[in-house]
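Enquirer:
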Amino acid sequence: MKKYKLDKNGQKGPTDEQIRRYKDFSTLSHKYERLTKRGRKPLYRDPKMFILLLLLGLIFLLVFLETEKEKSTDSEPTQTERKREK
50 MKKYKLDKNG
60 QKGPTDEQIR
70 RYKDFSTLSH
80 KYERLTKRGR
90 KPLYRDPKMF
100 ILLLLLGLIF
110 LLVFLETEKE
120 KSTDSEPTQT
130 ERKREK
């Protein structure tokens, strides 16, 4: 175990001003809350995130529509293929 040396003569306790500054608990807790918790906007209210989400949605929609269009054209035979089959 380590042996610690405490210098009791050199360091005094906190000054009266420091004690008064931290005596008001409501102000101290408000400052702590403001420091530790940041205010968050919902994604739909943040303009940059809203535009990003909108663009991603449009891209997914376009990709989905194109894949559906390709599936429908692949599954239906064209008129020339129908004539060949008969």
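FYI, in our numbering the residues of the sequence shown are 50 to 135. Beta carbons: idealized from backbone N, C-alpha and C, even for Gly.
(1) Between which two residues does the alpha helix (DSSP H) carrying Y71 extend?
(2) For M98, report the span of its alpha helix (DSSP H) as first-last.
(3) Between the C-alpha atoms of K97 and P91, what's the straight-line distance to the nearest angstrom?
(4) May I ask you to report which of helix, strand or coil DSSP gives L61?
Expert: The short version:
(1) D65 to K72
(2) P96 to S124
(3) 12 Å
(4) A quick correction: the sequence has Lys, not Leu, at residue 61. Coil at K61, not helix or strand.
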